[in-house]
Structure formats: structure tokens, C-alpha cells
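J.: Here it is, the structure, as C-alpha cells.
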Amino acid sequence: MHSAVSRSLKVLTTTLAAALLALSTPVLAAAAPQPGQCANRQAPPAPVDTSERPAPGAQAPAPLAVPAVPVGGPRMAECGLVTPAGALNPPDGNTAASWVVQDLDSGAIVAAKDPHARQRPASLIKTLLALVAVTQLDPQQVIIATKEDAEQECTCVGLVAGGSYTVDQLLHGLLMHSGNDVAHAFATVLGGVDSAVAKMNALAARIGALDTRAATPSGLDGPGMSTSAYDLSLIFHYAMKQPEFAKTVSTKNFEIPATGGKPAIPVYNDNKLLGVYPGFLGGKTGFTDDARHTYVGAAQRKGKRLAVVMLRAEQKPTKVVDQAAKLLDYGFALEADRAEPVGQITYQAPAATDTGSTPTVLPDGSVSSGTSTAAAAKDDPFGVTGWIITLIVFLIIVGAFVVGHQRKKAAN
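In our numbering, the protein residues as written are 12 to 423.
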């Protein structure tokens, strides 16, 4: 009898241990792609100058962690062209190392090339700065430009030290003419360069741009600067839902009024597709020696709005804006053929911590309050602990039944 009872108790103990282990072991994320599968999977190419050299005594930031599960869908982890099954390849002559064409309304990714490869944004990062500005500053708030603002490395709009400008006026200078003096003026009012960069990076992380780290407010190269074509597509998708942003990038001509004893400043949109490409909605251009040419632009055709992001492109054999126009044509053709999307722009916050909840920005621009594991357990009146206790009680009852049965059998 004793051996039978011992065996029963051993089975009971083993079953209980296995059940507790199953309840307490977290589900592991899918394995990350093997290192070396894609070029620039972790960091942009090596810089060609000293612009990213850390300040004396400082160290360059480590590369951002690569998410175990590719944001935007499994095909977003692919290298090279990512196109729908059976689709024709994009037109020849595109020089971008990475690009994405997306449906600006649904967030569907129509086609891509190395979408999560780490690249540099150049002045496209001003899109992120503009988002911080339009969400934290009143459009009619007056900003007084400082001497340091006015003396930035150009491209510059021409701000005057001591001049008074509204946020709306500066936003036009930032997005239409890519003014580095304007970027610094925004950074100053946002608490200084370090504070502004921190706010830009916090916003990028909050909406799920996990390849992106701004190093400067203007897009000039700096230690740790990083982004991807996917991330800039996500950021632009989000930005175009902000009416002030969308209106500004679609403006062809603007004038900043005279101030500080200086004449008015005419501002012309440097995106050459505006007014040329049918249905063009606006966008942004950029260039640094390390980033090379970068571009984002959107257009509408037959009720469809598409946007293209291009990173690390060259102006030959054709201009980057012409290459972008061909990619937009290609995207509209795929949409007309009802091609299957290759991915999805997904606004998702980083993993929630043990307490509280983290908001998630949905593809339509609305915010959903995501609940962390701890919060969910707290809200559940039964909870994980309740299930564990129930299981233990159940196993004890089963164990007692088995022992009683064995004793009864021995007595007979």
C-alpha cells in the first residue's frame, strides 16, 4: 500500500510542479533574425566624416535594440525588394538603399526595400521635431530668436536674433525650407537641444518607431543618429493626421513678416514635386554627407493617398524627386491591381512596465489605452493567483481521493 501511495503522491507532486511552471513561465518572443542577414540591421553605415564623433570624454550610444518580432509584419524583416507575390519589380533607376511605399489612409505597406535597415534621416527628422512642436506649443505662441538660433549651420531660413516669430511661422520655415535655425529655435523653446531631442525620442518610442533615435533636432548627423524607412513612414503617417502639419507641407509659398529691423522672409517649398506631380500632398527633403539624400512625399489619386520614403539615395542617374515620382506611380499601379499588402504601419507603444498602462496610437490616429500585464491582473477579480490556488486545491482533492482509494483497496 505504502508504495502505491508513494507513487500516487509522486505523480501528484510532478503534475503540480509542471502546472505551476506552465503558469509562471513567460511566453518567449519569436527568435530574432540571425545577425548578418541584412545589411545595417543594427546600425547605419560607417560615417564618412567626423560629424558623429562624440564630445571629448563621452561615448557614442550603443545601437538600438532590434525587436525580436519585426514591427509591421513578418515580411518587414526581409532584405532587398519586398513586393506582392506576382507583382512586377519597381521601375529601374531607383538609387535608395531603403524605401517604403504605404497607403496613407489604411497604413498598408504596398511595397518596400530593406524597410527596417538602419539608416540616417538627415532633415526628415524635422518631421518628428514638428510633431513635438504642434502637440506641445500653441500655433500663435511668440518665440524670440536667440543669437545662437540665428547662427546655426545652414540650410537656414534667415531668422534674426531678437526677432519675434509665431510657432506657425516657424513651422513653415522648418518644413518648407528645412531651416536649421528654425529647428534650433524650436529646440530652445522646448527646453534646449538636449531636452528637445529627448522629447523627439520619447515621441518616437511612444508611437512605435523603434529604429529611430534623434541625435540633433535638425537632422545634422550626430552620435547615435538612427532611423529606418519603415519608421519614417510611420512618423509621416502619424504627422499627416495632424491638420497643421498637413497644411504646412502642402504650402508652396509663404512669407514670414518683417521683424527685428529686417525685411520679411519669403519661404518657398523645396519639395519639387509640389505643383508638378498630380495630386501631390506635400513632403520633406533632406541631405547630409553621411545620410546622403533622403525624401518623403505623398500624393492622392482616385481617392487613394500613397506616401513614399526613400533613404540613402543619390541624385544620379535621375533626381531623387523623379525617382520618388516613379515609386508613387508604381504604388498606385499596385493599388489599382488590388495587390496584397506586404506589411502594415502599426502604431504600438513599447512593452508596458509592471505597473500602469501605456497608450497605443492606432492606425487611424486615435489613442487606445493598452493595459499592462500587472494592471490586467489587478482588474481581473479572479486573476492568475486565483487560478493557481484553484489548481492546487483540485490536485489536493484528487490526491486525497487516490490515497483513500488505495487504503480502501488494502483494507479489502
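Just so you know, even glycine gets a beta-carbon here, dropped at the ideal spot from N, CA and C.
This structure is a prediction, so every number in the text was calculated from the model and none was measured.
(1) According to the neighbour-count rule (16 or more other Cβ atoms, all chains shown, within 10 Å of its Cβ), is SER175 buried or exposed?
(2) If we ignore side chains and look at the alpha-carbon of each, how far apart do ASN191 and PRO234 end up?
(3) Within this structure, are the beta carbons of LEU170 and ALA161 separated by less than 7 Å?
(4) State the Cα-Cα distance for the pair ASP205 and MET211, rounded to the nearest angstrom.
(5) So, at 6 Å on beta carbons, what are the nonlocal neighbours of ALA133 in its own chain, with the 5 sequence-adjacent residues on each side left out?
(6) Three or more beta-carbon pairs under 8 Å between the segment 247-263 and the segment 80-88, yes or no?
(7) Jot down the residue ranges of each uninterrupted alpha helix (DSSP H) in the segment 224-300, minimum 4 residues, whole runs only, in chain order.
(8) Applying the criterion that 16 or more other CB atoms from any shown protein chain within 10 Å of the CB defines a buried residue, is TRP398 buried or exposed?
(9) Using the rule of at least 16 other Cβ atoms within 10 Å of the residue's Cβ for burial, across every protein chain shown, is ASP103 buried or exposed?
(10) Would you call ALA215 buried or exposed, if buried means 16 or more other Cβ atoms sit within 10 Å of its Cβ?
(11) Counting only the same chain and skipping the five closest in sequence on each side, list residues whose C-beta sits under 7 Å from that of GLN45.
(12) If I measure Cβ to Cβ from ALA207 and keep anything under 6 Å in the same chain, skipping five residues before and after, which residues do I get?
(13) For the segment 66-78 and the segment 340-350, state whether three or more C-beta atom pairs, one from each stretch, are separated by less than 8 Å.
(14) Return the CA-CA distance between GLU266 and ALA350, expressed in angstroms with no decimal places.
(15) Is it the case that the Cβ atoms of VAL145 and VAL353 are separated by a distance below 7 Å?
(16) Rank THR106, ALA122, HIS195 by C-alpha distance to the C-alpha of ALA156 and give the top, closest one.
(17) Rounded to whole angstroms, what is the Cα-Cα separation between GLY290 and ASP333?
(18) Hey, ARG129 and ALA54: beta-carbon distance below 7 Å or not?
(19) Tell me whether VAL287 is buried or exposed, calling it buried when 16 or more other Cβ atoms sit within 10 Å of its Cβ.
(20) Could you give the DSSP three-state label for ILE218: helix, strand or coil?
(21) Let me know if CYS167 comes out buried or exposed under the rule of 16 or more other beta-carbons within 10 Å of its beta-carbon.
(22) In chain order, what are the residue ranges of uninterrupted alpha helix (DSSP H) at least 4 long that sit wholly in the segment 86-153?
(23) I think ALA336 touches MET321, with their Cβ atoms under 8 Å apart; what is that distance to the nearest whole Å?
(24) Report buried or exposed for ASN105, applying the criterion of at least 16 other Cβ atoms within 10 angstroms of its Cβ.
(25) Identify every run of the alpha helix (DSSP H) within the segment 312-364, keeping only runs that are complete inside it and at least 4 residues long; order them along the chain.
(26) According to DSSP, simplified to helix, strand and coil, what is VAL307?
(27) Alpha carbon to alpha carbon, what distance is there between SER189 and GLN180?
(28) Candidates ARG323, LEU284, THR329: which alpha carbon is nearest GLN311's?
(29) Identify the continuous beta strand (DSSP E) that holds THR177 and give its terminal residues.
(30) Taking all protein chains shown into account, decide if ASN282 is buried (16 or more other Cβ within 10 angstroms of its Cβ) or exposed.
(31) Pull up the distance between the alpha-carbon of ASP114 and that of ARG224, whole angstroms please.
(32) Less than 7 Å between the beta carbons of VAL307 and LEU338, yes or no?
(33) Pull up the CB-CB distance for LEU221 and PRO78, whole angstroms please, since I reckon it's below 8 Å.
(34) Looking at C-alpha atoms only, which residue of PRO95, HIS127, SER117, VAL121 is the closest neighbour of SER109?
T.: In short, the structure shows the following:
(1) Counting from one through the sequence shown, the residue named residue 175 turns up at place 164. Its Cβ having fewer than 16 others within 10 Å, SER175 is exposed.
(2) In the sequence shown, residue 191 corresponds to position 180, counting from 1. In the sequence shown, residue 234 corresponds to position 223, counting from 1. Computed Cα separation, rounded: 18 Å.
(3) Counted from its first residue, the sequence shown places residue 170 at position 159. Counted from its first residue, the sequence shown places residue 161 at position 150. The answer is yes: Cβ separation under 7 Å.
(4) By one-based count along the sequence shown, residue 205 stands at place 194. By one-based count along the sequence shown, residue 211 stands at place 200. Rounded to the nearest angstrom, the two C-alpha atoms are 10 Å apart.
(5) By 1-based counting over the sequence shown, the position of residue 133 is 122. Excluding sequence neighbours, ALA133 sits near GLY230, GLY297, PHE298, THR299, ALA302, THR305.
(6) no
(7) 240-250, 254-260
(8) Looking up residue 398 in the sequence shown gives position 387. With a pLDDT of 42 at TRP398, under the threshold of 50, the modelled position of that residue is not reliable, and no figure is offered here.
(9) For this step, residue 103 is matched to residue 92 along the sequence shown. Under this definition ASP103 is an exposed residue.
(10) Within the sequence shown, the letter at position 204 stands for residue 215. Classification of ALA215: buried, given that the 10 Å Cβ count is 16 or more.
(11) Residue 45 sits at position 34 when you count from the first residue of the sequence shown. Bear in mind that the predicted position of GLN45 carries a pLDDT of just 47, short of 50, making it unreliable; the figure below should be weighed with that in mind. Excluding residues within five positions, none has a Cβ falling inside 7 Å.
(12) Numbered from its first residue, the sequence shown carries residue 207 at position 196. Once the five neighbours on either side are set aside, the close Cβ partners of ALA207 are ALA198, LEU201, PRO228.
(13) no
(14) As a first step, residue 266 is located in the sequence shown; it is residue number 255 there, counting from the start. As a first step, residue 350 is located in the sequence shown; it is residue number 339 there, counting from the start. Whole-angstrom Cα-Cα distance: 43 Å.
(15) On the sequence shown, position 134 is the one that residue 145 refers to. On the sequence shown, position 342 is the one that residue 353 refers to. It is not a contact, given that the beta carbons lie outside the stated cut-off.
(16) Position 145 of the sequence shown, counted from the first residue, corresponds to residue 156. The option with the nearest alpha carbon to ALA156 is HIS195.
(17) Looking up residue 290 in the sequence shown gives position 279. Looking up residue 333 in the sequence shown gives position 322. Near 15 Å, if we compare the C-alpha coordinates of ASP333 and GLY290.
(18) Looking up residue 129 in the sequence shown gives position 118. Looking up residue 54 in the sequence shown gives position 43. Against a cut-off of 7 Å, the Cβ pair of ALA54 and ARG129 comes out as a contact.
(19) The residue given as residue 287 occupies position 276 in the sequence shown. Under this definition VAL287 is an exposed residue.
(20) Residue 218 sits at position 207 when you count from the first residue of the sequence shown. It is helical.
(21) The residue labelled residue 167 in the question sits at position 156 within the sequence shown. It is buried - the Cβ of CYS167 has at least 16 other Cβ atoms within 10 Å.
(22) 137-147
(23) One-based indexing of the sequence shown puts residue 336 at position 325. One-based indexing of the sequence shown puts residue 321 at position 310. Actually they are not in contact, since the Cβ atoms of ALA336 and MET321 sit about 11 Å apart, beyond 8 Å.
(24) Position 94 of the sequence shown holds residue 105. The residue is buried, with at least 16 neighbouring Cβ atoms inside 10 Å.
(25) 331-347
(26) Residue numbering aside, residue 307 sits at position 296 when the sequence shown is read from its first letter. Residue state, collapsed to three classes: strand.
(27) Here the question's residue 180 lines up with position 169 in the sequence shown. Here the question's residue 189 lines up with position 178 in the sequence shown. Whole-angstrom Cα-Cα distance: 13 Å.
(28) Translated into the one-based positions of the sequence shown, residue 311 becomes position 300. Ranking ARG323, LEU284, THR329 by Cα distance to GLN311 puts LEU284 first.
(29) On the sequence shown, position 166 is the one that residue 177 refers to. Counting along the chain, the beta strand (DSSP E) containing THR177 begins and ends at 175-177.
(30) Mapped onto the sequence shown, residue 282 falls at position 271. By the 10 Å Cβ count, ASN282 comes out buried.
(31) Your numbering for residue 114 matches position 103 in the sequence shown. Your numbering for residue 224 matches position 213 in the sequence shown. Rounded to whole angstroms, ASP114 to ARG224 spans 25 Å at the Cα level.
(32) One-based indexing of the sequence shown puts residue 307 at position 296. One-based indexing of the sequence shown puts residue 338 at position 327. No, Cβ-Cβ distance for VAL307 and LEU338 is not below 7 Å.
(33) In the sequence shown, the residue the question calls residue 221 occupies position 210. In the sequence shown, the residue the question calls residue 78 occupies position 67. With 8 Å as the limit, LEU221 and PRO78 qualify as a contact, their Cβ atoms being about 6 Å apart.
(34) As a working mapping, residue 109 is identified with position 98 in the sequence shown. Here the closest residue by C-alpha is HIS127.
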